[in-house]
Amino acid sequence: ATLVCSFAIVAALPAGAQTPASQPSETQPTGALTAEAVNKAAPDAGDAALLRAQILLDRMHFSPGEIDGRGGTNTTRAIAGFQRHRGLEATGELDDRTWAALTEGDAAALVSYTLTAEDVAGPFVEIPDDMMAQSKQDALGYGNVTEALGERFHASPALLRSLNPDAEFTAGTRIVVPNVADAAPLAEPARVVVSKSDSVVRLVDAA
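Per this note's numbering: the sequence shown ends with 316, consecutive numbering throughout.
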């Protein structure tokens with residue numbers, strides 16, 4: 110399973126893989142994103158292609174940070190880590206060879222999920238903005254159901270709302286989410302490399 114830390118999404122990876130620091134975002138991707146459009150997206154399909162790439166990278170344990178369909182330095186670092194792992198030039202760009210390697214197997218990027226009573230039960234709490242006030246709280250829980258679902262599916266709450274614009278996020282509601290639950294098992298790590306200059310954590314196997 111993937112371990113979600115306060116500063117990064119960390120996972121045991123094949124040699125050379127990496128996980129950049131997570132940077133939550135409330136910015137929504139532009140244009141309508143549907144499961145069909147994202148799952149069939151070609152590399153020139155804009156936000157749909159970027160979202161597909163982020164999810165597929167996450168499934169392979171090259172974390173782009175918070176999946177948001179917007180890209181940025183975290184996604185660039187994840188692409189470069191994946192490229193190194195596959196013996197490709199580590200440009201951080203989604204070139205044709207990288208896209209072909211990333212989409213091998215044609216795994217769905219977005220899937221349907223039916224919310225359960227447990228998913229929406231909470232408790233949800235209002236977290237103060239001030240850090241000193243936060244330090245006095247018994248715990249820093251989720252503010253709402255989309256925050257909790259964002260943690261489970263490695264996605265920004267804004268993305269989940271964008272993917273499900275008419276959803277009420279109540280028990281029994283069927284929503285579209287990133288397909289990260291059935292990712293392949295992690296490799297056994299032999300060592301952990303923390304790179305301050307790259308702002309990434311790499312878990313490297315014995316090979």
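We put the beta carbon where it would ideally sit given N, CA and C, even for glycine.
Cβ neighbours of A217 within its own chain (closer than 7 Å, five residues either side excluded): N148, N288. Considering only V309, T223, I164, Q246, the residue with the shortest C-alpha distance to A280 is T223. As computed with DSSP, T223 is found in a beta bridge with R283. As computed with DSSP, A216 is found in no beta bridge at all. With a cutoff of 7 Å on beta-carbon distance, I176 and Q192 are scored as not near each other. Residue burial annotation: D167 is buried, with at least 16 other C-beta atoms found within 10 angstroms of its C-beta. Per the C-alpha coordinates, the member of L142, A248, A290 positioned closest to L258 is A290.
The three-state secondary structure of R179, taken from DSSP, is coil.
A straight-line Cα-Cα distance of about 19 Å links R206 and H170. Secondary structure of L269 (DSSP, three-state): helix.
V285 and L219 do touch by the CB rule: their CB atoms are close to 5 Å apart, below 8 Å. DSSP places L249 in the coil class of the three-state scheme, outside both helix and strand. A direct Cα-Cα distance of roughly 34 Å separates G252 from P298. Nearest in C-alpha terms to E235, of all of R283, E227, E256, is E256.
At the C-beta level, G178 and L159 come within 7 Å of one another. Cβ atoms of P173 and A151 stay farther apart than 8 Å, at about 19 Å. Taking the C-beta atoms as reference points, A189 is found no nearer than 7 Å to G180. Following the DSSP letters along the chain, one finds S244 inside the alpha helix (DSSP H) bounded by residues 240–244. DSSP lists V313 as the bridge partner or partners of R300. The three-state secondary structure of A264, taken from DSSP, is strand.
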